[in-house]
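**Q**
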Amino acid sequence: MPVDIPPGGREQPGTDDRRGTPRLRDGGPGGIGGYELVPKTSIKSVTPEINLTPLIPQKFKQVFKSPKSNAIRELIQTIYVSIDDTDIKAGPRGTGRLARSIADTLAEDYPVFGVTRHQLYVHPDIPYTSHNSNAVIHVEAEGGDAMDHIFEVSEGVMLGDFFEGSDPGLAVASSGQIAPPLIIFGQDAKCIVLTQKRARTLAKNLKIRLKGLGGTQDGVIGAMAGLGLAATRNDGRFLQLGSIRDIRGLCPIDKLLLAGVDAAWTLDGRRVSEGTVVARPDKPARPCPIDGRSILFVEERDGTLTEVRRD
């Protein structure tokens, strides 16, 4: 059940009993510094301020912990694969499902952290099928050769599942290519009508791999927006993360934490450490990226914890 958070509370050093491995926090410009969390049973108080935690796959966490591994850390970076306008009305699958298919294919060669969904502007001048959302696959890789391969593989999966009448776009960028104008482009895509010209010009100037794969190619707009939104690690929600898709309906909090959720919070500022969450029937939980962590928001209704949907 929700736990009240005292003002100024802080987490104490210890061990994270959910993962059995250290959790990491941002160490500033000099690198990533490691720290550990106590078991949930021994936490005295919790700060409402969420620590910044890089989205690093579990298999790399020990490598990133060591201050002697700076050379390795600098090689491994997040590659964002963003897609949009890949479906049609009354089609057999949406963009989210296609993104998960791309993620599964890429996972054969690279660690894939997860897939996020990002809501874009709904307006009469913007053609869309159902919700006008894009999807972004978060991949961990190194070097330009890897990015070329990731782009080729993603393009192949998209072309192999192309629907006539769709206008798909594909954009791939590394974390080092995410510049302020790209962040602004993503934010603008949530509230104003954008153009292909602006998207393509931005991609050219930032040397970002961008391609329209059919139809009007309007999907390049949402694809570029997805890069800027996903890179903030503060937008959208996860479509795929850890093993959360294996859990449906009612689920204890501790099981969700083991599946990939970093923490559960109520919107009024209480951290939830126990209880059972009621999610959609036959649907997985939908945690959100918040400051680089996966956070599941819940609300208490008559003593029951219910998942809160966030776009």
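All residue numbers for the sequence shown refer to the working numbering, where the first residue is 17 and numbers rise by one. Just so you know, even glycine gets a beta-carbon here, dropped at the ideal spot from N, CA and C. A quick note: this is a predicted structure, and the numbers were derived from the prediction, not measured.
(1) To the nearest angstrom, how far is it from the Cα of L71 to the Cα of I306?
(2) Rounded to the nearest angstrom, how far is the Cβ of V11 from that of S310, given a contact under 8 Å?
(3) Please state if the CB of A219 and the CB of L226 are separated by a distance shorter than 8 Å.
(4) Kindly give me the distance between the Cβ atoms of N148 and V155, rounded to whole angstroms, as I take these residues to be in contact under 8 Å.
(5) Between which residues of its own chain and Q135 is the CB-CB distance below 8 Å, once the five residues before and five after are set aside?
(6) How is the beta strand (DSSP E) around S289 delimited, first residue to last?
(7) Give the DSSP-derived three-state secondary structure of K227 in the structure shown.
(8) If I follow the unbroken beta strand (DSSP E) through T282, where does it start and stop?
(9) How would you call E315, buried or exposed, if buried means at least 16 neighbouring beta carbons within 10 angstroms?
(10) Where G308 and I153 are concerned, what is the direct C-alpha to C-alpha distance, given to the nearest angstrom?
(11) Assuming V131 contacts L255 under a Cβ cut-off of 8 Å, what Cβ separation, rounded to an integer in Å, is found between them?
(12) Applying the 10 Å Cβ sphere with the 16-neighbour rule, what's the burial state of D298?
(13) By DSSP, does G50 sit in helix, in strand, or in coil?
(14) Using DSSP with H/G/I as helix, E/B as strand and the rest coil, what is T320?
(15) In this structure, what does DSSP give as the bridge partners for N150?
(16) Report the residue from P140, L186, L273 whose alpha carbon sits nearest the alpha carbon of L114.
(17) Should L266 go down as buried or exposed, given a rule of 16 or more other Cβ atoms within 10 Å for buried?
**A** Per the coordinate set shown:
(1) Counting from one through the sequence shown, the residue named residue 71 turns up at place 55. Counting from one through the sequence shown, the residue named residue 306 turns up at place 290. For L71, the pLDDT reaches just 39, beneath the cut-off of 50, and the residue's location in the model is therefore unreliable, leaving the point undetermined.
(2) One cannot answer for residue 11 here, as it falls past the ends of the chain, which runs 17 to 327.
(3) Here the question's residue 226 lines up with position 210 in the sequence shown. Here the question's residue 219 lines up with position 203 in the sequence shown. Yes, these two residues count as a Cβ contact at 8 Å.
(4) Mapped onto the sequence shown, residue 148 falls at position 132. Mapped onto the sequence shown, residue 155 falls at position 139. Taking a contact as a CB-CB distance under 8 Å, the pair N148 and V155 does not count as one, their CB atoms being some 24 Å apart.
(5) Here residue 135 corresponds to residue number 119 of the sequence shown, with the count starting at 1. Cβ neighbours of Q135 within its own chain (closer than 8 Å, five residues either side excluded): H147, N148, S149, K206, G252, D327.
(6) Here residue 289 corresponds to residue number 273 of the sequence shown, with the count starting at 1. Careful: S289 lies outside any beta strand (DSSP E) and carries neither H nor E.
(7) Here the question's residue 227 lines up with position 211 in the sequence shown. Residue state, collapsed to three classes: strand.
(8) Within the sequence shown, numbered from 1, the residue matching residue 282 stands at position 266. Run containing T282: 279-282, per the beta strand (DSSP E) assignment.
(9) Within the sequence shown, numbered from 1, the residue matching residue 315 stands at position 299. Flag for E315 reads exposed.
(10) In the sequence shown, residue 308 corresponds to position 292, counting from 1. In the sequence shown, residue 153 corresponds to position 137, counting from 1. Looking at the two C-alpha atoms, the distance is approximately 15 Å.
(11) Counting from one through the sequence shown, the residue named residue 131 turns up at place 115. Counting from one through the sequence shown, the residue named residue 255 turns up at place 239. With 8 Å as the limit, V131 and L255 qualify as a contact, their Cβ atoms being about 5 Å apart.
(12) As a first step, residue 298 must be located in the sequence shown, where it is residue number 282. Counting Cβ neighbours within 10 Å, D298 comes out exposed, since fewer than 16 surround it.
(13) Here residue 50 refers to the residue found at position 34 when the sequence shown is read from its first residue. In this prediction, G50 has a pLDDT of 33, which is less than 50 and means its spatial position is unreliable; what the coordinates show is noted afterwards. It is a strand residue.
(14) Walking along the sequence shown from the start, residue 320 turns up at place 304. Strand at T320.
(15) Taking the sequence shown and counting its residues from 1, one reaches residue 150 at position 134. Beta-bridge pairing links N150 to H134.
(16) Here residue 114 corresponds to residue number 98 of the sequence shown, with the count starting at 1. Of P140, L186, L273, the residue nearest in Cα terms is L186.
(17) The residue labelled residue 266 in the question sits at position 250 within the sequence shown. So L266 counts as exposed.
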